[in-house]
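Visitor: Pasting a structure here, questions to come.
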Amino acid sequence: MTPEPPSKAPILTVGAAVHAYGGKPVLRGVDLTLRPGEIYALLGPNGAGKTTLIRAICGRIRPDGGEVSLNGHDPARVPSARAGLGLVPQEIALYQNLTVAENIETFAALAGTPRAAMAAAVRRALELTRTVDRAHVPVKHLSGGYQRRANIAAAIVHEPSLLILDEPTVGVDIDAREAVDAVIRGLRDLGVAVLMTTHDLDQAGTLADRVGFLREGQMVLEGEPRTLVAQAFGNQMEIMVHLAEEVDTAGEIRLAGEGLERTRRAHIWTRLDADGYAAAGRLDKRLRKVGLTPREIRVREPSLANLFTLVAERKLAA
Ligand SMILES: Nc1ncnc2c1ncn2[C@@H]1O[C@H](COP(=O)(O)OP(=O)(O)OP(=O)(O)O)[C@@H](O)[C@H]1O
Ligand SMILES: [Mg+2]
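Written out as structure tokens, the structure is:
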């Protein structure tokens with residue numbers, strides 16, 4: 585084994601951040617550290633405090649307690665610290681009538697990019713976000729995926745060391761999502777620290793180097809996705825039963841009796857079992873006997889989505 589390289593100094597540290605809105609606690613002692621070249625996905629149910637934490641990191645609110653340090657400075661007190669930050673908000677924030685290149689130039693000018701450096705800065709942002717082929721198209725004529733990448737281009741033109749994306753792939757189709765992911769990976773490989781929130785747990789599992797689960801303003805679980813899943817589930821496998829049609833109440837009771845739980849996807853039920861494929865075979869037989877013939881049964885390793893369910897429903901001692 586080669587020794588671990590010395591870890592780089594953090595770009596961002598949040599220590600014991602506390603915040604309340606109108607007496608209602610929203611952040612209840614959150615710690616977070618980000619280093620150059622890592623992608624961190626902030627997960628958590630609606631209202632968990634993800635956007636509030638991002639606002640605190642961007643210096644848009646000053647938390648009631650705790651510390652935020654961005655490149656060594658408090659962004660709420662030292663506005664220049666925010667120069668090291670690029671933000672891609674959930675809603676596309678671009679000038680719809682301007683082209684992609686014109687948008688990038690506008691953001692670059694706002695960030696203080698000197699005239700002489702402008703053309704190169706715009707070119708670099710277009711290349712890093714793979715939007716060169718749409719440079720001269722007005723934003724309003726772009727697909728959702730291109731708009732998202734154009735928004736990333738506008739957020740990185742001043743070469744921030746930390747890029748924050750709030751729900752970068754909402755409303756973006758699968759192919760376009762992969763293109764967005766590739767852009768995020770490319771930036772990470774250049775040493776940018778990436779902090780993103782997402783409700784897409786498949787994306788978090790494949791893209792993030794670390795994930796953190798925020799629940800009611802507290803970070804209840806944090807780590808590398810594969811390690812967290814392995815720690816929570818050991819050798820258990822997920823059995824997914826895809827039924828041909830919706831079941832009646834009697835069928836539901838029968839499925840629940842088999843330990844199966846409804847998923848968010850229509851007709852798909854799931855359970856965990858250490859016996860994996862063998863258990864799936866037995867389950868298939870029993871379900872057929874009572875007329876609940878599965879269209880398909882899949883056995884797979886548990887995912888971040890399974891872990892998220894446990895954490896959100898407080899079934900995990902976290
Ligand atoms: N400006 C505000 N004034 C009062 N309450 C607020 C304000 N902003 C957020 N909240 C409340 O704070 C809590 C956390 O909100 P926040 O937007 O940080 O959650 P979130 O994790 O980003 O949720 P989502 O996944 O829905 O985006 C929620 O209960 C929300 O209603
Ligand atoms: Mg939010």
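In this text, residue positions in the sequence shown follow the working numbering: the first is 585, and each later residue adds one.
Glycine included, C-beta positions come from ideal geometry on N, C-alpha and C.
These numbers were taken from a predicted model, which means no experiment stands behind them.
Locate the beta strand (DSSP E) running through residue 802, then write down its first and last residues.
Guide: Unbroken beta strand (DSSP E) run through residue 802: 802 to 807.
Visitor: Would you mind reading off the limits of the beta strand (DSSP E) that contains residue 857?
Guide: Where residue 857 is concerned, the enclosing beta strand (DSSP E) stretches over 852 to 857.
Visitor: Can you tell me whether residue 592 sits near ligand 1, meaning its C-beta is under 7 Å from at least one heavy atom of the ligand?
Guide: Outside the cutoff, so no.
Visitor: Within the same chain, show all residues whose beta-carbon is closer than 8 Å to that of residue 713, passing over the 5 residues directly before and after it, in chain order.
Guide: Here the set comprises 733, 734, 736, 737, 740 and 767.
Visitor: Quick one: grab the DSSP three-state call for residue 730.
Guide: DSSP places residue 730 in helix when its eight states are reduced to three.
Visitor: Measuring alpha carbon to alpha carbon, tell me which residue in 675, 780 and 641 is nearest residue 660.
Guide: When only C-alpha atoms are compared, the closest one is 641.
Visitor: Residue 847: beta carbon under 7 Å from a heavy atom of ligand 2?
Guide: No, ligand 2 has no heavy atom inside 7 Å of this Cβ.
Visitor: With hydrogens ignored, establish whether the beta-carbon of residue 793 is closer than 7 Å to any heavy atom of ligand 2.
Guide: Because no heavy atom of ligand 2 lies under 7 Å away, the Cβ of residue 793 does not count as near it: no.
Visitor: Within 8 Å, do at least three Cβ pairs link the segment 874 to 883 to the segment 808 to 820?
Guide: Because the criterion of three Cβ pairs below 8 Å is not met, the segment 808 to 820 and the segment 874 to 883 do not touch.
Visitor: Of the choices 666, 764 and 721, whose alpha-carbon is the least far from that of residue 694?
Guide: Cα-wise, what sits closest to residue 694 is 666.
Visitor: Pull up the distance between the alpha-carbon of residue 778 and that of residue 650, whole angstroms please.
Guide: When rounded, the distance between both Cα atoms is 22 Å.
Visitor: Evaluate residue 809 with the Cβ neighbour count: other Cβ atoms within 10 Å of its Cβ, from every protein chain shown; 16 or more gives buried, anything less gives exposed.
Guide: Classification for residue 809: buried.
Visitor: With distance defined between alpha-carbon atoms, name the residue in 668, 636, 646 and 828 nearest to residue 745.
Guide: Comparing Cα positions, the closest option is 668.
Visitor: For residue 632, is the beta carbon positioned less than 7 Å from some heavy atom of ligand 1?
Guide: The answer is yes for residue 632.
Visitor: From residue 857 to residue 825, what does the alpha carbon distance come to, in whole angstroms?
Guide: About 13 Å.
Visitor: Helix, strand or coil for residue 595, going by three-state DSSP, please let me know.
Guide: In the structure shown, residue 595 sits in coil (DSSP, three-state: anything other than H, G, I, E or B).
Visitor: Measure the Cβ-Cβ separation of residue 724 and residue 674 and say whether it is below 8 Å.
Guide: In this structure, residue 674 does not lie closer than 8 Å to residue 724 by Cβ.
Visitor: Nearest to residue 803 by CA position, among 598, 594, 762 and 592, is which residue?
Guide: Closest by alpha carbon: 598.
Visitor: Could you tell me whether the segment 784 to 798 touches the segment 632 to 641, where touching means 3 or more Cβ pairs closer than 8 Å?
Guide: The segment 784 to 798 is in contact with the segment 632 to 641.
Visitor: Using 7 Å as the cut-off, classify the Cβ of residue 755 as near or not near the heavy atoms of ligand 1, replying yes or no.
Guide: No - ligand 1 has no heavy atom lying nearer than 7 Å to the Cβ of residue 755.
Visitor: Bridge partners of residue 617, per DSSP?
Guide: According to DSSP, which records beta bridges pairwise, residue 617 is partnered with 597.
Visitor: Can residue 784 be considered in contact with ligand 2, in the sense that its beta carbon sits closer than 7 Å to one or more heavy atoms?
Guide: Residue 784 Cβ: outside cutoff for every heavy atom of ligand 2.
Visitor: Nearest CA to the CA of residue 638: which residue from 812, 750 and 822?
Guide: Among 812, 750 and 822, the Cα nearest to that of residue 638 is on 750.
Visitor: Going by Cα to Cα distance, which pick from 596, 875, 617 and 835 is closest to residue 807?
Guide: Ranking the options by Cα distance to residue 807, first place goes to 617.
Visitor: Cα-Cα, which of 848, 786, 708 and 636 is closest to residue 771?
Guide: Cα-wise, what sits closest to residue 771 is 708.
Visitor: Heavy atom of ligand 1 less than 7 Å from the Cβ of residue 683, yes or no?
Guide: Incorrect: residue 683 has no Cβ contact closer than 7 Å to ligand 1.
Visitor: Please state if the CB of residue 671 and the CB of residue 596 are separated by a distance shorter than 8 Å.
Guide: Cβ distance not < 8 Å, so residue 596 and residue 671 don't count as in contact.
Visitor: Would you report the Cα separation of residue 585 and residue 894, rounded to the nearest angstrom?
Guide: Since pLDDT at residue 585 reaches only 47, below the 50 mark, its modelled position is unreliable, and no value is offered.
Visitor: Below 8 Å on the Cβ atoms is my guess for residue 919 versus residue 756; work out the distance and round it to an integer in Å.
Guide: Outside the shown range of the chain, which is 585 to 902, sits residue 919, and nothing can be said about it.
Visitor: Hey, quick one: how far does the alpha helix (DSSP H) through residue 861 stretch, first residue to last?
Guide: Taken as a continuous stretch (DSSP letters only), the alpha helix (DSSP H) holding residue 861 covers 860 to 873.
Visitor: Does residue 750 come out as helix, strand or coil in the three-state DSSP assignment?
Guide: It is a strand residue.
Visitor: Using beta-carbon positions only, say whether residue 678 and residue 731 come within less than 8 Å of one another.
Guide: For residue 678 and residue 731, yes; Cβs fall inside 8 Å.
Visitor: Going straight from the alpha carbon of residue 829 to that of residue 813, what length do you get?
Guide: Distance between the alpha carbons of residue 829 and residue 813: 31 Å.
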